[in-house]
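S.K.: What follows is a structure written as structure tokens; I'll ask about it next.
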Amino acid sequence: MLNYLKEIFGAISSLWAGMRITGKYFISPGQIVTQKYPENRKTLKMQDRFKGEIIMPHDENNQHRCTGCGICEMNCPNGSIEVLTNRVPNAEGKMERVIDKHVYHLSMCTFCGLCVKTCPSGALAFGQKFEHAVFDRQKLTKILNQPGSTLKKEAKQ
Amino acid sequence: MSEEIIKNIIVKENEDYIINMGPQHPSTHGVLRLEVCLQGETVKYIVPHVGYIHRGIEKMCEANTYPQIIHLTDRMDYLSAHMNNEAVCLCVENAMQVEVPERVKYVRTILAELNRLASHQLWWSAFGMDLGALTTFFYGLRDRELILDIFEESFGSRLLHSFNTPGGLMHDIHPNFQKRTKDFIAYFREKLPEYDQLLTGNIIFQQRTKGIGLLSREKAIAYGVTGPSGRGSGFSCDLRKHAPYSAYDKVQFNEIVYTEGDTFARYNVRMDEMRESLNIIEQLIDNIPSDGHTAKMKPIIKLPAGEFFQRVETARGELAVYIVSDGNKTPYRIKFRSPNFSNLFVMNELAAGGKIADLIAISGSLDLVIPDIDR
Numbered sequence: 001m002l003n004y005l006k007e008i009f010g011a012i013s014s015l016w017a018g019m020r021i022t023g024k025y026f027i028s029p030g031q032i033v034t035q036k037y038p039e040n041r042k043t044l045k046m047q048d049r050f051k052g053e054i055i056m057p058h059d060e061n062n063q064h065r066c067t068g069c070g071i072c073e074m075n076c077p078n079g080s081i082e083v084l085t086n087r088v089p090n091a092e093g094k095m096e097r098v099i100d101k102h103v104y105h106l107s108m109c110t111f112c113g114l115c116v117k118t119c120p121s122g123a124l125a126f127g128q129k130f131e132h133a134v135f136d137r138q139k140l141t142k143i144l145n146q147p148g149s150t151l152k153k154e155a156k157q
Numbered sequence: 158m159s160e161e162i163i164k165n166i167i168v169k170e171n172e173d174y175i176i177n178m179g180p181q182h183p184s185t186h187g188v189l190r191l192e193v194c195l196q197g198e199t200v201k202y203i204v205p206h207v208g209y210i211h212r213g214i215e216k217m218c219e220a221n222t223y224p225q226i227i228h229l230t231d232r233m234d235y236l237s238a239h240m241n242n243e244a245v246c247l248c249v250e251n252a253m254q255v256e257v258p259e260r261v262k263y264v265r266t267i268l269a270e271l272n273r274l275a276s277h278q279l280w281w282s283a284f285g286m287d288l289g290a291l292t293t294f295f296y297g298l299r300d301r302e303l304i305l306d307i308f309e310e311s312f313g314s315r316l317l318h319s320f321n322t323p324g325g326l327m328h329d330i331h332p333n334f335q336k337r338t339k340d341f342i343a344y345f346r347e348k349l350p351e352y353d354q355l356l357t358g359n360i361i362f363q364q365r366t367k368g369i370g371l372l373s374r375e376k377a378i379a380y381g382v383t384g385p386s387g388r389g390s391g392f393s394c395d396l397r398k399h400a401p402y403s404a405y406d407k408v409q410f411n412e413i414v415y416t417e418g419d420t421f422a423r424y425n426v427r428m429d430e431m432r433e434s435l436n437i438i439e440q441l442i443d444n445i446p447s448d449g450h451t452a453k454m455k456p457i458i459k460l461p462a463g464e465f466f467q468r469v470e471t472a473r474g475e476l477a478v479y480i481v482s483d484g485n486k487t488p489y490r491i492k493f494r495s496p497n498f499s500n501l502f503v504m505n506e507l508a509a510g511g512k513i514a515d516l517i518a519i520s521g522s523l524d525l526v527i528p529d530i531d532r
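Heads up: the protein sequence lines correspond to chains A and B, in order. This note's numbering numbers the first residue of the first sequence as 1 and each following residue consecutively. This note's numbering numbers the first residue of the second sequence as 158 and each following residue consecutively.
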């Protein structure tokens with residue numbers, strides 16, 4: 001009989017211990033941990049290294065750094081990058097490789113980061129945008145170099 | 158109704174009732190189908206059917222170079238993504254006889270332990286929810302979020318990191334990493350007793366787990382049940398202790414072994430492992446050496462012809478990588494020995510003869526990640 005009562009009171013006290021925790025947070029939640037996501041879009045700041053999408057940074061003169069070597073295409077494990085190049089004569093009359101289109105299939109990308117890491121000229125970077133939902137799959141195929149952009153010529157040291 | 162049909166119905170009533178649990182039952186944590194044979198509420202036997210999310214990762218690896226393989230291993234056991242990456246990296250480094258910098262070893266160990274913590278927190282949350290304690294889910298995920306924030310700051314992604322690369326790390330850890338990790342340890346040491354008060358001491362939880370799903374040490378070894386599930390039955394199988402890799406030989410920690418072998422013992426192993434993980438991180442976080450985050454590697458990694466083997470302790474048990482190379486830049490064959498595969502097939506031993514409600518507790522306590530089984 002005594003054991004029976006002991007068991008009952010033990011059970012109640014164990015339930016009470018748990019309820020005390022939830023009650024404590026109910027009365028004084030302390031720091032609010034959840035984010036109000038769609039409302040805080042204006043102030044939402046992602047981490048610097050956040051892998052949202054792959055972008056090709058252009059400077060104010062609409063110049064990028066991609067030489068069209070195709071190393072990113074070679075390193076991509078799932079074929080989400082296609083580099084289409086043209087051969088055009090440069091000022092000295094030599095034929096030179098220039099990118100026509102840097103095609104990026106966001107729908108196939110797994111964000112492993114190998115293209116950004118292996119790019120010898122630092123032409124690719126990760127963007128902060130993460131809202132990629134679209135109605136048409138075609139919209140996920142992007143051309144990273146802006147129209148009319150040219151290769152940025154580094155001053156030789 | 159003719160007499161024969163009535164007779165058939167009566168015979169059918171006496172037959173066993175076979176029910177499919179899954180492939181989308183939420184408490185199986187993935188797309189797993191358990192063919193459960195029931196007699197009333199008693200489970201007679203279970204036949205697990207796997208392969209619903211088979212992606213052919215081993216075959217895909219044969220077409221990829223070694224740095225490219227890393228991001229595929231993330232997708233096996235996504236809750237211990239870092240340890241999966243580490244296993245392949247260590248195997249490739251051993252094969253090439255590359256000595257990675259001390260910093261890499263320390264950082265890998267810290268990240269592996271953080272990942273183990275995050276994995277166990279999610280397991281604790283989901284396990285409580287399986288057994289009807291919805292509260293645990295919120296408390297577990299609240300603390301896990303802080304680890305994921307640390308990951309996001311350093312790697313840019315929360316779950317599938319791809320942070321390791323053969324020879325080191327993709328890039329160096331974030332300058333804030335040490336401070337945030339120390340803050341987290343202080344925070345989580347405070348919050349861990351809450352876990353015990355919420356769930357461990359709860360009488361309903363104890364009665365649903367104590368003495369349920371008994372697994373003997375012999376059976377655990379026979380089935381190859383490793384990780385916390387094996388250690389709950391007294392099978393000392395912690396590779397961090399028995400075959401130390403990275404910086405595990407430089408830290409002091411205890412191997413958690415319980416001998417009861419029931420669901421509650423497996424639960425206790427994971428709870429104590431969380432405390433040990435905090436200890437390990439605390440020992441390493443202040444003395445990370447600064448000798449670079451990557452070893453010097455050739456631009457194209459080619460393994461010498463031969464066979465290479467490496468095993469690591471993930472949050473669920475022993476993950477082994479076996480590479481057969483013919484000297485090319487892609488492996489000839491790669492085999493992953495995943496811990497969950499062995500842990501799943503012991504379920505028939507545990508649940509047969511018990512009640513169907515206990516089956517949920519048992520499958521929760523084995524902490525299965527189905528993509529790792531199917532690969």
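For glycine and all other residues, C-beta sits at the position ideal for the given N, C-alpha and C. Just so we're clear, the structure is a prediction, and the values are computed from it rather than from any experiment.
#1: Given a limit of 7 Å on CB to CB distance, which residues of the segment 352-369 of chain B reach chain A?
#2: Could you check where the beta strand (DSSP E) with A:Thr141 kicks off and where it finishes?
#3: At 4 residues or longer, what runs of the alpha helix (DSSP H) sit wholly inside the segment 206-273 of chain B?
#4: Assuming B:Thr199 and B:Lys512 are in contact, meaning their beta carbons sit under 8 Å apart, how far apart are those beta carbons, in whole angstroms?
#5: Who are the Cβ neighbours of B:Ile519 in its own chain at under 8 Å, not counting the five residues just before and after it?
#6: What residues in the segment 42-60 of chain A bring their beta carbon closer than 9 Å to a beta carbon of chain B?
#7: Whose C-beta lies closer than 6 Å to the C-beta of B:Arg403 among residues of the same chain, with five residues either side of it excluded?
#8: For B:Gln354 versus A:Gly18, is the C-beta spacing smaller than 9 Å?
#9: Alpha carbon to alpha carbon, what distance is there between B:Leu501 and B:Gly208?
#10: Tell me whether B:Lys376 sits in a helix, a strand or coil according to DSSP, three-state version.
#11: With which residues is A:Ala125 paired in a DSSP beta bridge?
#12: Between A:Ser80 and chain B, is the shortest Cβ-Cβ distance under 9 Å, so that the two count as touching?
#13: Less than 8 Å between the CB atoms is what I'm expecting for B:Thr357 and B:Met428, so what's the real figure, rounded?
#14: Around the Cβ of B:Asp443, are there at least 16 other Cβ atoms within 10 angstroms (buried) or fewer (exposed)?
#15: Relative to the C-alpha of B:Gly384, which residue among B:Lys492, B:Glu215, B:Gly418 is closest?
#16: Just to make sure I have the definition right: I need the residues of chain A whose C-beta is within less than 7 Å of the C-beta of B:Gln335. Which are they?
#17: State buried or exposed for A:Leu144, treating a residue as buried only when at least 16 other CB atoms are found within 10 Å of its CB.
#18: Can you give me the Cβ contacts of A:Gln157 inside the same chain, cut-off strictly under 6 Å, excluding the 5 residues immediately before and after it?
#19: Check whether the segment 228-247 of chain B and the segment 272-282 of chain B are in contact - that is, three or more C-beta pairs closer than 8 Å.
#20: Give a yes or no on whether 9 Å exceeds the smallest Cβ distance from B:Glu250 to chain A.
#21: For B:Lys492, report the span of its alpha helix (DSSP H) as first-last.
#22: Residues of chain A with a CB under 7 Å from the CB of B:Ser390: which are they?
#23: Output, in chain order, the set of chain A residues within a Cβ distance shorter than 8 Å of B:Phe284.
#24: Against A:Pro77, what residues of chain B qualify as contacts under a CB-to-CB distance less than 7 Å, listed in chain order?
#25: Interface residues of chain A around B:Arg299 at Cβ under 7 Å?
#26: Less than 6 Å between C-beta atoms, sequence neighbours within five positions excluded: which residues of the same chain meet that for B:Ala269?
#27: For B:Gln254, count neighbouring Cβ atoms within 10 angstroms of its own Cβ and tell me buried if that reaches 16, exposed if not.
#28: What residue range is occupied by the uninterrupted alpha helix (DSSP H) comprising A:Thr22?
#29: Whose CA, out of A:His132, A:Cys112, A:His102, lies closest to the CA of A:Ala123?
#30: I want to see whether chain B comes within less than 9 Å of A:Phe135, judged by CB atoms only; does it?
#31: Between the beta-carbon of B:Thr222 and the beta-carbon of B:Ile457, is there less than 9 Å?
#32: Run through DSSP, which three-state label would B:Ile369 get?
M.R.: The answer reads as follows:
#1: Going along the segment 352-369 of chain B in chain order, one finds Gln354, Leu355, Gly358, Asn359, Ile360 with a Cβ nearer than 7 Å to chain A.
#2: Segment 141-143, the beta strand (DSSP E) holding A:Thr141.
#3: Counting only runs of 4 or more, we get 214-219, 223-230, 238-253.
#4: Going by Cβ atoms, the distance from B:Thr199 to B:Lys512 rounds to 6 Å, so yes, they are a contact pair.
#5: Excluding positions up to five away in sequence, the list reads Ile369, Gly370, Thr420, Met504, Leu507, Ala508, Gly511.
#6: Only Met46, Gln47, Asp48, Arg49, Phe50, Lys51, Gly52 from the segment 42-60 of chain A bring a Cβ to less than 9 Å from some Cβ of chain B.
#7: A small fix is needed here, since residue 403 of chain B is Ser in this sequence, not Arg. Apart from the 5 residues on each side of it in sequence, B:Ser403 sits with its Cβ closer than 6 Å to the Cβ of Lys262, Arg265, Thr266 in its chain, given in chain order.
#8: Cβ distance < 9 Å, so B:Gln354 and A:Gly18 count as in contact.
#9: Rounded to whole angstroms, B:Gly208 and B:Leu501 show a C-alpha spacing of 13 Å.
#10: The three-state reading of DSSP puts B:Lys376 in helix, counting H, G and I together.
#11: DSSP lists A:Ile55 as partners of A:Ala125.
#12: Against chain B, the CB of A:Ser80 has no partner CB under 9 Å away; the residue lies outside that interface.
#13: With a Cβ gap of about 7 Å, B:Thr357 and B:Met428 count as contacting.
#14: Counting every other CB atom within 10 Å of its CB across the protein chains shown gives B:Asp443 a total below 16, marking it as exposed.
#15: For B:Gly384, the nearest C-alpha among the options comes from B:Gly418.
#16: By Cβ distance, chain A contributes nothing, its closest Cβ being about 16 Å from B:Gln335, past 7 Å.
#17: The residue in question, A:Leu144, is buried, as its Cβ has 16 or more Cβ neighbours within 10 Å.
#18: Because A:Gln157 sits at a pLDDT of 45, beneath the cut-off of 50, its placement in the model cannot be relied upon, and the following sentence gives the value as read from the coordinates. Hits under 6 Å: none found.
#19: Output reads yes: the segment 272-282 of chain B touches the segment 228-247 of chain B.
#20: Not one chain A Cβ lies under 9 Å of B:Glu250.
#21: B:Lys492 -> not in any alpha helix (DSSP H); beta strand (DSSP E) instead, spanning 490-494.
#22: Neighbours of B:Ser390 in chain A, taken as residues at a C-beta separation under 7 Å, are lacking, since the least C-beta distance is about 26 Å.
#23: Per Cβ cutoff of 8 Å: no residues; B:Phe284 is ~15 Å from chain A at best.
#24: Neighbours of A:Pro77 on chain B, chain order: Asn221, Gln225, His228.
#25: Proximity of chain A to B:Arg299 at the Cβ level (cut-off 7 Å) is accounted for by Val33, in chain order.
#26: For B:Ala269, where only same-chain residues beyond five positions count, the Cβ hits under 6 Å are His239, Met240.
#27: It is exposed - the Cβ of B:Gln254 has fewer than 16 other Cβ atoms within 10 Å.
#28: Segment 2-27, the alpha helix (DSSP H) holding A:Thr22.
#29: The option with the nearest alpha carbon to A:Ala123 is A:His102.
#30: Chain B contact via Cβ: absent.
#31: Closer than 9 Å, so yes.
#32: B:Ile369 falls in the coil class under three-state DSSP.
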